[in-house]
Amino acid sequence: MKKIGEILKSFRSDEDKYISREFQKYGYELAEELGDLKRKALYIKLAKETKRGLLESARNFVKDAYNVNNKARLFMWKLAELKKTKKATTKVELRK
987 MKKIGEILKS
997 FRSDEDKYIS
1007 REFQKYGYEL
1017 AEELGDLKRK
1027 ALYIKLAKET
1037 KRGLLESARN
1047 FVKDAYNVNN
1057 KARLFMWKLA
1067 ELKKTKKATT
1077 KVELRK
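Numbered per the working numbering, the sequence shown spans residues 987 to 1082.
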């Protein structure tokens, strides 16, 4: 049987203290990965409102990029490009 002190040492109370939804955790991890914690609310909002596939594509693009000065800027640019192409393809499909 463990002592109370051992249990308290292994207990991590600050882990995900204010995160209650999955998209919040994803947005925070994305902001952390991009090195843009000042704008973590933006990434949480994107995680909530944008399709996960688009976010993952832009995230992977940034991961694969070499010698990037500003990962957050590259991510936002790629996300905008992906949204434009998706919008264009849906318009073409609707015309058929």
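The beta carbon of each residue, even a glycine, is placed where N, CA and C say it ideally should be. Everything numeric in this text was worked out from a predicted model, so none of it was measured.
- Taking 7 Å as the cut-off, the beta carbon of Ala-1044 is found no closer than this to the beta carbon of Tyr-1012.
- For the 7 Å CB-CB criterion, Lys-1057 and Gly-1021 form a contact.
- If only complete runs of 4 or more residues are kept, the segment 998-1060 shows the alpha helix (DSSP H) at 1008-1020, 1026-1035 and 1038-1050, in order along the chain.
- For the pair Leu-1068 and Leu-1040, the CB atoms are nearer than the 7 Å cut-off.
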